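Report on one structure; see the data block that follows.
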Amino acid sequence: MLRDSRLLGLELEAVGEWADAGRFRVEPVHERGLFVVRNGKPLVITYWCEVCSIRTYSPGKCMCCQEETQLDLRDPAARDTDPAPPNATK
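Just so we're aligned, residue 1 is where the sequence shown starts under the working numbering, counting upward by one.
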């Protein structure tokens, strides 16, 4: 996820724990450990396939149709099955 160029320049917030004095361990992707902060509010980083209506938490191609997924920043209260609103990341 951190290699996704669509996240460059955005304010990120990580949730996790210190593994030791020099390493911070971010919660696993399925635990929602990394957020984009916009207007002071954390948004969950998700990826949405418009073709298949499949949501994932890692960038890349859709596991079904192999089309590239779209970055979809979401309110943490939203359900995973809720579709992405049109132009969600703009």
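For glycine and all other residues, C-beta sits at the position ideal for the given N, C-alpha and C. Bear in mind that the values here come from a model prediction, so they are computed numbers and not experimental data.
Check	Outcome
In whole angstroms, what separates the C-alpha of A19 from that of V26?	9 Å
Going by beta carbon distance, what residues of the same chain come within less than 8 Å of L73, once the five residues before and after it are set aside?	V36, R38, L43, V44, I45, T46, A88 and T89
Could you check which residue in D75, G40 and P59 has the C-alpha nearest to that of R3?	P59
So, helix, strand or coil for V36, using DSSP?	strand
Have a look at the DSSP bridge pairing and note the partners of Q70.	W48
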